[in-house]
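Taking my numbering, the leading residue of the sequence shown gets 215, the next gets one more, and so forth. For each residue, glycine too, the CB sits at the ideal point set by N, CA and C. Being a predicted model, the structure only gives us computed values, none of them experimental.
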Amino acid sequence: MPADSRSPAPSHPPRAQTRHPVDRETLPSEALLSVSGLRVRFGGVDVVRGVSFDVRTGEVLALTGESGAGKSLTARALLGMLPREATADGTVLLHGTPVTPADRGRRIAIVPQDALSALSPVHPVGDQIALALRSVQGLTRKDARSRAQQALAEVGITAAASRAHPHELSGGMRQRAVIALATVNTPDLLIADEPTTSLDPTTQDAVLTLLRERCTATGASLLLVTHALDTARSHADHVAVMYAGTIAEYGPTDHVLNRPLSPYTTALLASLPTADTPPRTRLPTLPGKPPTPGETTAGCAFAPRCPRATDLCRTQHPEPRALDQRIVTCHHAALEPR
Ligand SMILES: Nc1ncnc2c1ncn2[C@@H]1O[C@H](COP(=O)(O)OP(=O)(O)OP(=O)(O)O)[C@@H](O)[C@H]1O
C-alpha cells in the first residue's frame with residue numbers, strides 16, 4: 215500500500231491547474247482512485263476489514279451505511295489522517311501510483327463535517343483561499359487575491375463577505391467557503407465526510423448540489439461519506455454500502471438503491487420513508503445491532519439480523535462477488551432481488 219502517511223513521495227508530472235468540466239453523461243470509466251483490501255486496525259482489532267472500491271474520473275461515489283460501519287475511517291485512511299493508534303494496510307492508488315503525503319491537500323482535498331475545523335478563526339476567508347493559492351500554485355499576492363475572489367464568487371460568496379472571518383458567516387456560507395478552499399487548487403479527488411450534517415435540510419441540499427457542481431466544473435471526482443441513502447440517491451453515480459467494516463454492496467446508484475441485491479441494503483432502504491409513504495407510517499427497523507469491533511462471527515457479520523440467513527450464512531464468510539454490474543457480499547445475492 216501503504217495507506218499510512220509514511221511512504222516515500224515519488225515525483226509526479228506537473229499538474230494542470232485548469233481542467234475541463236466533466237460531462238456527466240459520458241463519464242470516463244477508468245479509475246482515478248483504486249482502493250484494494252484496505253484494513254484499519256486498533257490494537258489488533260480490524261474495524262475496516264478489507265475494503266475495495268474505485269472512484270472513477272469525474273464521478274461521485276457515496277460511501278454509506280449505519281453509524282460505526284467504518285465509513286469515516288476508510289475516508290481518513292485515504293487522507294492519511296487516521297488516529298495515531300490506528301494502523302492501516304491495503305493498496306491505495308491514485309492514477310495507478312501509490313498515494314503519498316504530498317498528494318494530500320493537493321491532489322486529494324477534504325471537505326470536513328465541521329467547516330470551522332478547516333478554516334482559521336483569525337483570518338478573513340478570502341485571505342485563507344489566497345494563501346492556499348500562493349502556497350500551492352505560487353501566485354503573486356495580487357493574482358491570488360483576485361483568483362480567491364473569483365473562487366468565492368463561484369460558490370456564491372460576495373467580495374464583501376470574503377472579507378469576513380469564519381465566525382461572522384452562517385453555517386451554509388462557511389461550508390461554501392470550505393468548498394471554494396478545497397477546489398481552488400483543482401484537486402483530482404475531493405473527500406467530503408458528512409459535509410452538511412450541521413446544516414438545516416434546505417441548506418444541506420443546496421450545499422451538496424454546489425459541491426457536486428464545483429467538482430463537475432473542475433473535473434474532480436468526489437468521495438461522499440454519508441449515512442443518508444437519500445443523499446446518495448440524489449448525488450452519487452455509484453454507491454458503496456458498508457456494514458461492519460466491509461462493503462455489502464457496491465455499484466451504480468440506480469442498481470444498488472432501486473434494485474438492491476444485498477439483504478442489508480434492502481433492510482436499510484425499507485427503514486426509510488419514500489415519497490409514497492403516508493404520514494405517520496411506522497417503518498420497519500432493522501432488528502438487533504451490528505457486531506461490536508472485535509466480535510468474531512463464524513459466518514456473515516449480518517447473519518444475526520438477516521431475514522434470509524441460512525446455516526451457510528451463519529458458518530461461512532461470504533466473499534464479494536460480481537453480479538449484475540455490481541459487487542455483492544452475500545451468499546444469496548444470486549437470488550431474485552427483493
Ligand atoms: N480511535 C478509535 N479507537 C478505537 N475504535 C475506533 C476509533 N475510531 C473509530 N473506532 C471504531 O471503528 C468503527 C468504525 O468507525 P467509523 O467512525 O469509521 O464509523 P462510521 O461508519 O463513519 O460511523 P459514523 O457514521 O457514526 O461516523 C466503529 O466501531 C468505531 O467505534
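Using a Cβ-based criterion (distance less than 8 Å to any ligand heavy atom), does residue i qualify as near ligand 1?
i	result
Gly370	no
His531	no
Thr460	no
Phe267	no
Ser555	Since the first and last residues shown for the chain are 215 and 552, residue 555 lies out of range.
Gly282	yes
Ser286	yes
Glu299	yes
Phe256	yes
Met179	With the chain running from 215 to 552 in the structure shown, residue 179 is simply not present.
Met387	no
Val261	yes
Glu509	no
Glu427	no
Thr506	yes
Gly279	yes
Val313	no
Glu463	no
Glu382	no
His452	no
His546	no
Glu244	no
Val398	no
Val455	no
Val325	no
Val306	no
Val392	no
Val249	no
Glu273	no
Val439	yes
Decide if residue i is buried, meaning its Cβ has at least 16 other Cβ atoms within 10 Å, or exposed.
i	result
Val542	buried
Pro521	exposed
Asp317	buried
Asn399	buried
Leu526	exposed
Met536	Correcting the residue identity first, residue 536 is Ala in this sequence and not Met. The residue in question, Ala536, is exposed, as its Cβ has fewer than 16 Cβ neighbours within 10 Å.
Pro501	exposed
Pro534	buried
Val453	buried
Gly183	Summary: the structure shown does not reach residue 183, with the chain confined to residues 215 through 552, and so no result is reported for it.
Ala458	buried
Gln539	exposed
Glu509	exposed
Pro224	With a pLDDT of 32 at Pro224, under the threshold of 50, the modelled position of that residue is not reliable, and no figure is offered here.
Pro415	exposed
His381	exposed
Glu299	exposed
Pro335	exposed
Asp451	buried
Ser435	buried
Gln530	exposed
Leu443	buried
Taking the DSSP output, what are the residues bridged to residue i?
i	result
Thr311	Leu308
Ser331	For Ser331, which the question treats as bridged, DSSP gives no partner whatsoever.
Glu463	Val455 and Val542
Leu252	Val265
Asp407	Val439
Ala245	Arg270
Arg318	Ile322
Ala302	Val254
Tell me whether residue i, by its Cβ, gets closer than 8 Å to a heavy atom of ligand 3.
i	result
Glu368	Inclusion of ligand 3 in the displayed structure is not the case, the ligand content consisting of ligand 1 alone.
Can you list the beta strand (DSSP E) stretches of 3 or more residues lying completely in the region 257–297, in chain order?
259–270 and 274–278
Ranges of the alpha helix (DSSP H) found wholly within the region 501–539, counting only runs of at least 4:
525–529
Suppose only complete runs of 4+ residues qualify. What are the alpha helix (DSSP H) ranges in the region 351–378, listed by chain order?
355–368 and 373–376
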